[in-house]
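Chains as they are written, first to last, in our numbering: chain A, -11 to 468; chain B, 18 to 338. Backbone N, C-alpha and C define an ideal beta-carbon position, used for all residues, glycine too. Working notes, structure below.
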Amino acid sequence: MFFDTPIYIIFLTLVVLTYWRLGWRSQNHLLLLASYVFYGWWDPRFLGLIAASTIVDFYCARAIARTDDEARRKLLLTISLVINFGFLGAFKYFNFFMDSFATALEALGFHHTPTAVLRILLPPGISFYTFQEVAYIVDVYKRRLKPADSLVDYALFISLFPHLIAGPIQRPDHLLPQVQAPRRFDSERFFNGLLLILSGLFRKAVIADNCALLADAAFSGRMGPPNLPVVLIGTYAFAWQIYGDFSGYSDIARGSAQLLGFHFMVNFRQPYLATSLQDFWRRWHISLSTWLRDYLYIPLGGSRDGERRTYRNLMLTMLLGGLWHGANWTYVVWGGIHGAGLGIERAARRVWPWASADTADAIDAAPPSFVATWAWRIVIFHLVCLAWIFFRAQSLGEAMTFLGGLRIWTWSAEYGLALRFLAVFSIPLLLLDLINERRGDEYLLETSWVPARVAIGVAMMAFVTLFAANQLNAFIYFRF
Amino acid sequence: MTENHHARTFARASWVLLAGCVLVACAAEGAARFVLDRVSKIQRRTVDEYALARSIGTDACGRKHVLVVGNSLLEEDVRFDRLRAALADDWDARRFVIEQTFYYDWYYGLKRLFHEGARPDVVVVMLSSRQWIRSEIRGDYSAQYLMDTPDLLDAAHDLNLNATQTTNLVVANTSKFWGARAEIRNFLLGRMMPDLGGLMNSSSAVDPFDVTAAEVEAIAAGRIARLNELTDSYGARLVVLLPVLLDKKNNNAWLGMLNAAERQRVAALMPAASGSFPRHLYRDAGFHLNPKGAAQFTDMLIPELQKTLNSVLATLARNVG
Chain A
-11 MFFDTPIYII
-1 FLTLVVLTYW
9 RLGWRSQNHL
19 LLLASYVFYG
29 WWDPRFLGLI
39 AASTIVDFYC
49 ARAIARTDDE
59 ARRKLLLTIS
69 LVINFGFLGA
79 FKYFNFFMDS
89 FATALEALGF
99 HHTPTAVLRI
109 LLPPGISFYT
119 FQEVAYIVDV
129 YKRRLKPADS
139 LVDYALFISL
149 FPHLIAGPIQ
159 RPDHLLPQVQ
169 APRRFDSERF
179 FNGLLLILSG
189 LFRKAVIADN
199 CALLADAAFS
209 GRMGPPNLPV
219 VLIGTYAFAW
229 QIYGDFSGYS
239 DIARGSAQLL
249 GFHFMVNFRQ
259 PYLATSLQDF
269 WRRWHISLST
279 WLRDYLYIPL
289 GGSRDGERRT
299 YRNLMLTMLL
309 GGLWHGANWT
319 YVVWGGIHGA
329 GLGIERAARR
339 VWPWASADTA
349 DAIDAAPPSF
359 VATWAWRIVI
369 FHLVCLAWIF
379 FRAQSLGEAM
389 TFLGGLRIWT
399 WSAEYGLALR
409 FLAVFSIPLL
419 LLDLINERRG
429 DEYLLETSWV
439 PARVAIGVAM
449 MAFVTLFAAN
459 QLNAFIYFRF
Chain B
18 MTENHHARTF
28 ARASWVLLAG
38 CVLVACAAEG
48 AARFVLDRVS
58 KIQRRTVDEY
68 ALARSIGTDA
78 CGRKHVLVVG
88 NSLLEEDVRF
98 DRLRAALADD
108 WDARRFVIEQ
118 TFYYDWYYGL
128 KRLFHEGARP
138 DVVVVMLSSR
148 QWIRSEIRGD
158 YSAQYLMDTP
168 DLLDAAHDLN
178 LNATQTTNLV
188 VANTSKFWGA
198 RAEIRNFLLG
208 RMMPDLGGLM
218 NSSSAVDPFD
228 VTAAEVEAIA
238 AGRIARLNEL
248 TDSYGARLVV
258 LLPVLLDKKN
268 NNAWLGMLNA
278 AERQRVAALM
288 PAASGSFPRH
298 LYRDAGFHLN
308 PKGAAQFTDM
318 LIPELQKTLN
328 SVLATLARNV
338 G
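Rendered as structure tokens:
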């Protein structure tokens, strides 16, 4: 079930109407059932997989908590991690590693190597719920969290439908207590939830899906062979598409959760207004970047073991973060660009503390000027765009060919029109971000007059109705 | 502000917001039902042609009836006014064009037209080889304008749609707004940026994959048989009309179509082989013919179609005799 379809609106309405008439335990049962219906709507065969990994982790966590024998605890943790990453590896990366292995053998001169013939369907959301399960089991192992007593509560924490397919990846210590305690109807939270859903639909259906038309045309060659204008139009369009798409998804997820009395963490905080790559990762896909920091970067040693190790850890974290997005070398390169960028930024700060507008020392010494702030924003935006080219391309070859277009200058009237089209559908999102940045609100115009917020919500609905780009157009992050 | 007052304010705001959203949705549905057909040229043409197609064969005009259906290839590549005039002595020729349509659009579209009373003697379907074999439809628009409600599940099965896509078809079949929302958006954007049509055409995929004659024949034979069975059950003859495409890459795909049609004993017309028209007879994208190319193609089509229709007339006369 996609969030931007009528069936989801009907489903959500029925769930919300029934939910608030029930007692707390019945609410959890209803939500678990609804979440499994939501997930099975794609392909009921995948329900077995999520149910199996849920049951394994639930019992592993309880067994870990019950024993003080370190060896046994470690063994149980290992079993759980092997099963979780085993499922993820088998379903998501099997073909990738087999194909890469065959390519490597070919390159070494071994021809006619047998390639994998097993083509496996990717279960929706497997990367997201695996990370959530891993966070839970690790937190229980590290005694940061008490394991859930009820299988229903734990299964609901894993499968609660607003976050199930594409996050935001919920931390056990944030969501599990909400599942385990009665929720109280809060009309302000409900209202903010409605606004978040409308804002998400606006971002997805109006901004992202329209920008996708240009990005797809540019990357597929339908706008002609790559040249400077085509590369810029395609890359900018994709930058706004993916931001609108994923932040839209996150807004709808958060909004839907709020209608049910839950609170999800903020996943995007005006990422294209970042003044450094580090700042970008504090604003982009926050639930993933903090997960990677807490469960990968810090366990690897973080910045504790000297500069060299810090650079290595940064690069490893970003490479694996890239690979998490998909089984393709393009994602690895995307992660590599960010890893290298973060490393260079770190090194530059040691030599020139003023090198980034958000360096704490630099800010303390003298707040960055308006011009410096915007100059850094533009630089960082373009670095991020460079990495997006690899993220969007189907292969490294396609990305390099596309990038090669930067050396070629040709112009046609069609490009001017494409730029105008892009401006129409990207500037509203930029303006929304500027307003949010200035006010520091978690919700759209949170501190404004309530009738004005209602009017903006209705206006968004009107825009979604009139300018939604297309037919059924899956959210990009559903693939991951 | 007391806590109660605060809660009441947001409860009221939620109701007003929901009511506003419902109002917008109702206004959109109303506009789609009562305004769109009047203000959009393409939509008006579609609705007019649909009405004509639905009533074909129901009047006693003393002539036989031929219904020509297809997508933009029919709209752009055939000068239908000329064709209709050339056939006018013996045939009442009507056209029904819906852009970006494929085989399944027309299988279910013709089924609905027959069900609604259309009784042509001959149905001519003009699609490219690849449009015959692609398992796609135009989407929500087809569900609204080409499909009958009872056929939706069959269509979903044919198209291998998942539950979400199927429910979307059902909604599009019920709500005119949902079915036509892409047209509404295109219409509004067209008003804001008049040259946008060209850009959007280059942004939409045009048959991106290569096919061989054998692949076409394997898939098209079954589809032609199925469509032929449908037209036959309403006493109409099926004729397959192949457009003249520029691309050399797939220029033997037509052979697969001709073989498939021959296997099913269905008449297939190919006034000019793909790749035989020079580039200057095509529009910019090289997919549709320009007016000069369309005139040439129509001149080649008229005698071939007349010959085919005459043989149909002869068969009908024999059957009556």
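From residue i to residue j, what does the alpha carbon distance come to, in whole angstroms?
i, j, result
"F51 (chain B)", "D106 (chain B)", "37 angstroms"
"A289 (chain B)", "E116 (chain B)", "22 angstroms"
"R132 (chain A)", "D57 (chain A)", "17 angstroms"
"L371 (chain A)", "F226 (chain A)", "14 angstroms"
"F87 (chain A)", "L110 (chain A)", "Sequence inspection shows Asp at residue 87 (chain A); the Phe mentioned does not correspond to that position. Going by the C-alpha atoms only, they are around 16 angstroms apart."
"F(-1) (chain A)", "M448 (chain A)", "21 angstroms"
"R441 (chain A)", "F250 (chain A)", "21 angstroms"
"M317 (chain B)", "L100 (chain B)", "10 angstroms"
"A235 (chain B)", "T325 (chain B)", "25 angstroms"
"V233 (chain B)", "T63 (chain B)", "29 angstroms"
"Y142 (chain A)", "V86 (chain B)", "56 angstroms"
"S414 (chain A)", "E434 (chain A)", "22 angstroms"
"R254 (chain B)", "A375 (chain A)", "57 angstroms"
"V105 (chain A)", "F89 (chain A)", "For V105 (chain A), the predicted structure reports a pLDDT of 48, less than 50, and the residue's modelled location is therefore unreliable. The matter cannot be settled from this model."
"L183 (chain A)", "P211 (chain B)", "33 angstroms"
"I368 (chain A)", "V320 (chain A)", "20 angstroms"
Consider the Cβ of residue i: report whether some Cβ of chain B lies at a distance smaller than 8 angstroms.
i, result
"I(-5) (chain A)", "yes"
"F34 (chain A)", "no"
"F(-10) (chain A)", "yes"
"R408 (chain A)", "yes"
"T128 (chain A)", "Before going further, note that residue 128 (chain A) is Val rather than Thr in the sequence given. V128 (chain A) does not count as touching chain B."
"V321 (chain A)", "no"
"T544 (chain A)", "No statement about residue 544 (chain A) is possible, as the shown extent of chain A runs from -11 to 468 and does not include it."
"M306 (chain A)", "no"
"L405 (chain A)", "yes"
"V3 (chain A)", "no"
"G445 (chain A)", "yes"
Determine, for residue i, whether the minimum Cβ-Cβ distance to residues of chain A falls below 8 angstroms.
i, result
"D339 (chain B)", "Lying before the first or after the last residue shown, residue 339 (chain B) is absent from chain B, which here runs from 18 to 338."
"D38 (chain B)", "Just to set this straight, residue 38 (chain B) is Cys in the shown sequence, not Asp. C38 (chain B) counts as touching chain A."
"F304 (chain B)", "no"
"T184 (chain B)", "yes"
"S291 (chain B)", "no"
"H23 (chain B)", "yes"
"N179 (chain B)", "yes"
"T26 (chain B)", "yes"
"S31 (chain B)", "yes"
Can you look up residue i in the DSSP assignment and give me helix, strand or coil?
i, result
"W312 (chain A)", "helix"
"F(-10) (chain A)", "coil"
"Y299 (chain B)", "strand"
"K81 (chain B)", "strand"
"M143 (chain B)", "strand"
"A284 (chain B)", "strand"
"F268 (chain A)", "helix"
"A456 (chain A)", "coil"
"L40 (chain B)", "helix"
"W279 (chain A)", "helix"
"R155 (chain B)", "coil"
"F390 (chain A)", "helix"
"S291 (chain B)", "coil"
Report yes if the C-beta distance between residue i and residue j is below 8 angstroms; otherwise report no.
i, j, result
"L330 (chain A)", "Q258 (chain A)", "no"
"V4 (chain B)", "D138 (chain B)", "With chain B running from 18 to 338 in the structure shown, residue 4 (chain B) is simply not present."
"S23 (chain A)", "V44 (chain A)", "no"
"Q323 (chain B)", "E200 (chain B)", "no"
"A193 (chain A)", "D(-8) (chain A)", "yes"
"Q161 (chain B)", "K193 (chain B)", "yes"
"A123 (chain A)", "Y283 (chain A)", "yes"
"I221 (chain A)", "L410 (chain A)", "yes"
For the ligand GTP, is there a heavy atom less than 7 angstroms away from the beta-carbon of residue i?
i, result
"R80 (chain B)", "As presented, the structure is devoid of all ligands, the ligand GTP included, so that no description of it is given."
**OP:** Using a Cβ-Cβ cut-off of less than 7 angstroms, list which residues of the segment 168 to 183 of chain A approach chain D; keep chain order.
**Re:** Annotation note: the requested chain D is absent from the structure, which comprises protein chains A and B.
Subject >> Contacting positions in the segment 191 to 203 of chain B - beta carbon closer than 9 angstroms to chain A >> reply: Going along the segment 191 to 203 of chain B in chain order, one finds S192, F194, W195, R198, A199, I201 and R202 with a Cβ nearer than 9 angstroms to chain A.
Original post:
Can you list, in chain order, the residues of the segment 6 to 31 of chain A whose Cβ is nearer than 9 angstroms to any Cβ on chain B?
Top reply: G28, W29, W30 and D31
**OP:** Return the residues of the segment 223 to 239 of chain A that lie within a Cβ-Cβ distance of less than 7 angstroms from chain B, sorted by chain order.
**Re:** Listed in sequence order: no entries.
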